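Protein chains: 2
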Amino acid sequence: MDNKVLYVESSKHTYPIIVEPESLSSLYSKIEEHSDSKASRFFIITDDTVAPLYLDIAVSSFPIKDKVDTYVIPTGEASKSLSMYEKVMTAALENKLDRKSLIIALGGGVVGDLAGFIAATYMRGIPFVQVPTTLLAHDSSVGGKVGINHPLGKNMIGAFHPPSLVIYDPKALMSLPEKEWRSGFAEVIKHGFIADESFLTWLQDKIVSFQNISMDVLTELLIRSIKVKVAVVEQDEEEKGIRAYLNFGHTLGHAIEGEAGYGQLTHGEAVAIGMEFAVRFSEKYYGHQLEADKYFNYMKDLGYSLDIPSDMDINQLIHRIKLDKKSHSSKIHFVLLQKIGSPKLVEVNENLLKAELTGKGGV
Amino acid sequence: MDNKVLYVESSKHTYPIIVEPESLSSLYSKIEEHSDSKASRFFIITDDTVAPLYLDIAVSSFPIKDKVDTYVIPTGEASKSLSMYEKVMTAALENKLDRKSLIIALGGGVVGDLAGFIAATYMRGIPFVQVPTTLLAHDSSVGGKVGINHPLGKNMIGAFHPPSLVIYDPKALMSLPEKEWRSGFAEVIKHGFIADESFLTWLQDKIVSFQNISMDVLTELLIRSIKVKVAVVEQDEEEKGIRAYLNFGHTLGHAIEGEAGYGQLTHGEAVAIGMEFAVRFSEKYYGHQLEADKYFNYMKDLGYSLDIPSDMDINQLIHRIKLDKKSHSSKIHFVLLQKIGSPKLVEVNENLLKAELTGKGGV
Ligand SMILES: NC(=O)c1ccc[n+]([C@@H]2O[C@H](COP(=O)([O-])OP(=O)(O)OC[C@H]3O[C@@H](n4cnc5c(N)ncnc54)[C@H](O)[C@@H]3O)[C@@H](O)[C@H]2O)c1
Ligand SMILES: NC(=O)c1ccc[n+]([C@@H]2O[C@H](COP(=O)([O-])OP(=O)(O)OC[C@H]3O[C@@H](n4cnc5c(N)ncnc54)[C@H](O)[C@@H]3O)[C@@H](O)[C@H]2O)c1
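The listed protein sequences correspond, in order, to chains A and B. Residues in the first sequence are numbered from 1 upward in steps of one, following UniProt numbering. Residues in the second sequence are numbered from 1 upward in steps of one, following UniProt numbering.
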């Protein structure tokens, strides 16, 4: 593949996503080429897992080290909090960032979401560059959603603030634990299910385990998966319609993730279970088979468990599904597949859902 | 005046500003007419000075009281804090506001800025309606700036999030203490200085004290003053150029306000001193008289003191002027007047400024 640069048109500006091995070590020159190397200061935010692996490489790329400040947050979802937000804001002010400064998010979705929200609200908004280091973060690098959690709900505080540039070094994924590969790969598969069956067969062909993936394959995988999300988001940035398709597998997935206790199952592991269920439910709903077993067998081979954990209470899951929605209307919506690549947002009956979840759904 | 509705074109949407006596008591029907009365919930944020005066009137206008929640913050600038932000966010979540809910800011600039920032970041942004109850808030109702303070600086955390509607009831200003009239009126006069001398002469003619202003005069005053700000902001929402003119009187004003200790001098009282200085400095800079004495005499009649408080250290003021800027470049910029109505942003020499501040500036 030659085309390693994708462009995302957000309502605010168009920005490039560069997927390129070794790009991390030329971070500064990429910024110079595609963004604002004239920034008054650079503020790199990362976590304490990523810092020892990649922070030096990133900082080394800058010619004037005096202009670079760094902030290392504790690894994990708990850092997406108002108290961490306040700490990072304070550091940004102490480091005398101004409106012409640039924030750089070096890490996974947690770093990206927090650092992006800092950028969105520092002096009413300054630009930021996203440097994703997880597979899952290919998802968060498109769409402009940034934010933090509140004890009463995930991602409840936030903004739309697209990055001005995304620099994705697939080599950085090499240090990712298997569990994190699996978490991110579920979103890759999701993009196949909702938009492009040929992508699923390509994945089956190219990725037989999370070890020894070639840089070429990984680069292509990232680009193809990102393209699906770009296409959806560009058509519906404001989440009025088809952007909902990205929730395929997520309605039940979120409920399972929450019910297990966040951190027990990764996001992707829970979404994988949600996708299998959504396909099964779709088959009932539309009355025809989707021939998806081959993909689910493939996922099992990659280590996914696709069953709802047996200790989970179905009523609790349904309760969570109803709570989870950011709209408090009492209807339950599910993304179903008419066929692979053709999603629909469907309002489903609670009893039908319950029957299907308990395995008692008729045809 | 017939035209009591102004429209502001922001980059996000166009919104109406309605200036109309008694509009507070028809708050809901105004929302119905101009905004989203179908909102899932209404969340009115106000302060504990305004609440006993106007909260009941506002709530009474809603046909379904169940859909209305209220939150009362302590009066004063200290409420523009991250900890108050967190409290109001928590209340919004507890009240089950969703993406279709509407926030209503009932109060002065403090309430407007805080409530607007809540709206900007609640579930990545929901609409809000501004119901200004101070004269100064006619300024904050245009421009879309919302935010809170950080111990290291005022308004350092925030966003651009224009309201979807502004409902201004001039009658509510009747309970405003004289000090707050004077604070807001300085911005009114500023709008005359930077854009429209005929407005200054009109003010001189119509407003001889802050008592007994007729509703007609007050309505016209608000509309004319708001129009000036609208014209500037529409041309330069992003603060790249002429929006700086709105800082006329503010460079020194902010420094004086800060040096006095926030709350000692009102914003407008400090800005008034800053304007007088900026005019005097302009006359030196451009080498001709601006014939502004009549306006400054008028201001003195209204109770403004236009001298830099004698106990203030000029070096400290200059230090603050240099710190205050959101850009940390070391240059000092001042808005000067070539003539009344013709502002220019000028880079000034620190020594020149100092000489003028100490009253030793030659011609
Ligand atoms: N903004 C969006 O649109 C969007 C989309 C999806 C997910 N998210 C958010 O993203 C978060 C999850 O993302 P995530 O899975 O990347 O989480 P994460 O940032 O916590 O990363 C997962 C783990 O991998 C570690 N890690 C990161 N890069 C590494 C590397 N190269 N080598 C070794 N370890 C590495 C991290 O330290 C962490 O322990 C959630 O908070 C979710 O809400 C946001
Ligand atoms: N966002 C912007 O563009 C913008 C522009 C200018 C100022 N501001 C902000 O606005 C704030 C100052 O605004 P303000 O002067 O309105 O402050 P404020 O909201 O504190 O109001 C001033 C005082 O008047 C009281 N009050 C309000 N309405 C009243 C009424 N009708 N009757 C009696 N008392 C009443 C308040 O309780 C308060 O004590 C500052 O925080 C400043 O940063 C923002």
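Backbone N, C-alpha and C define an ideal beta-carbon position, used for all residues, glycine too. This structure is a prediction, so every number in the text was calculated from the model and none was measured.
Here the segment 306 to 319 of chain B makes no contact with the segment 210 to 229 of chain B; the two share fewer than three CB pairs at distances below 8 Å.
A straight line joining the alpha-carbon of residue 286 of chain A with that of residue 198 of chain A spans about 22 Å. When only Cα atoms are considered, residue 228 of chain A and residue 139 of chain A end up about 10 Å apart. Residue pairing by DSSP places residue 339 of chain B opposite B/342 in a beta bridge.
Distance from the Cα of residue 119 of chain B is smallest, within the candidate group B/200, B/97, B/57, for B/97. For residue 155 of chain B, the Cβ falls inside the 8 Å cut-off from some heavy atom of ligand 2.
Contact between residue 185 of chain B and residue 135 of chain B holds: their C-beta atoms lie close to 6 Å from each other, under 8 Å. Distance between residue 6 of chain A and residue 31 of chain A, taken at the CA atoms: about 15 Å. Neighbours of residue 258 of chain A in chain B, taken as residues whose beta carbon is under 7 Å from its own, are absent, since the nearest beta carbon is some 16 Å off. Your pair residue 314 of chain A and residue 358 of chain A checks out as a contact, with CB atoms roughly 5 Å apart and the cut at 8 Å. Against chain B, the CB of residue 13 of chain A has no partner CB under 9 Å away; the residue lies outside that interface. Under the three-state reduction of DSSP output, residue 110 of chain A falls in the helix class.
Between residue 322 of chain B and residue 332 of chain B, the beta carbon gap of about 6 Å places them in contact (Cβ cut-off 8 Å). Look at residue 151 of chain A: its C-beta is under 9 Å from a C-beta on chain B. Residue 148 of chain B and residue 211 of chain A have their C-alpha atoms roughly 48 Å apart. The residue from B/92, B/163, B/46 with its alpha-carbon nearest to that of residue 9 of chain B is B/163. If you look at residue 47 of chain A, you'll find it isn't in any alpha helix (DSSP H); it sits in the beta strand (DSSP E) that goes 42 to 47.
Around residue 90 of chain B, the beta-carbon contacts reaching into chain A at under 9 Å are 150, 151, 152. Neighbourhood of residue 292 of chain A in chain B, by CB distance below 8 Å: empty, with the nearest CB roughly 32 Å away. Residue contact check for residue 82 of chain B against chain A: a CB pair falls below 9 Å. Beta-bridge partners of residue 358 of chain B (DSSP): none assigned. Not a single heavy atom of ligand 2 lies less than 8 Å from the C-beta of residue 260 of chain A. Scanning chain A for C-beta atoms nearer than 8 Å to the C-beta of residue 93 of chain B yields 150, 152, 153, 156, reported in chain order. Taking 9 Å as the cut-off, the beta carbon of residue 253 of chain B is found closer than this to the beta carbon of residue 271 of chain B. Assigned with DSSP and collapsed to three states, residue 17 of chain A falls in strand. Residues of chain B with a Cβ closer than 7 Å to the Cβ of residue 147 of chain A are, in chain order, 124.
Taking a Cβ-Cβ threshold of 7 Å, none of the residues of chain B is close to residue 199 of chain A; the smallest such distance is about 29 Å. Shown in chain order are the members of the segment 124 to 143 of chain A whose Cβ falls below 8 Å from a Cβ of chain B: 124, 125. Secondary structure of residue 276 of chain B (DSSP, three-state): helix. Closer than 9 Å to the CB of residue 160 of chain A there is at least one CB belonging to chain B. By the CB criterion at 9 Å, residue 281 of chain A and residue 334 of chain A fall inside the cutoff.
One Cα belongs to residue 237 of chain A, the other to residue 243 of chain A, and the distance between them is close to 7 Å.
Where residue 315 of chain B is concerned, the enclosing alpha helix (DSSP H) starts and stops at 314 to 324.
Remark: the C-beta of residue 161 of chain A is outside contact range of ligand 2, defined as less than 8 Å to any heavy atom.
Under the 10 Å beta carbon count, residue 174 of chain A is surrounded by fewer than 16 other beta carbons and is classified as exposed. Taking a contact as a CB-CB distance under 8 Å, the pair residue 129 of chain B and residue 157 of chain B does not count as one, their CB atoms being some 22 Å apart.
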